[in-house]
Amino acid sequence: MAKVSISLDAELVVEVMVLAGIGNPQDAVETVVRDYIARGHRTEARTASRDESVRTGRLVPPEPEQG
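Going by full-length UniProt numbering, the sequence shown opens with residue 1, and the numbers climb by one from there.
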């Protein structure tokens with residue numbers, strides 16, 4: 001996979017490291033970005049299943065809330 005180098009505000013990176021509990025800045029930011037992408041995919045999947053039921057007219061039971 002190709003690598004990209006970017007510059008970020010040091011306070012932002014430190015905040016990410018603290019919140020993620022990861023001591024390496026590269027790993028901490030990569031973890032946060034991967035989590036953000038995974039959440040987006042989960043949201044798309046939920047939205048698609050709801051839209052599918054409206055489109056087909058079939059009722060789909062709601063997914064349990066995660067809390």
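Virtual Cβ for every residue (Gly too), placed ideally from N, Cα, C.
Go ahead and pull the three-state DSSP assignment for residue i.
i          : result
residue 21 : coil
residue 6  : coil
residue 65 : coil
Counting C-beta neighbours from all protein chains within 10 Å, is the total for residue i 16 or more, i.e. buried, or is it exposed?
i          : result
residue 10 : exposed
residue 2  : exposed
residue 38 : exposed
residue 48 : exposed
residue 45 : exposed
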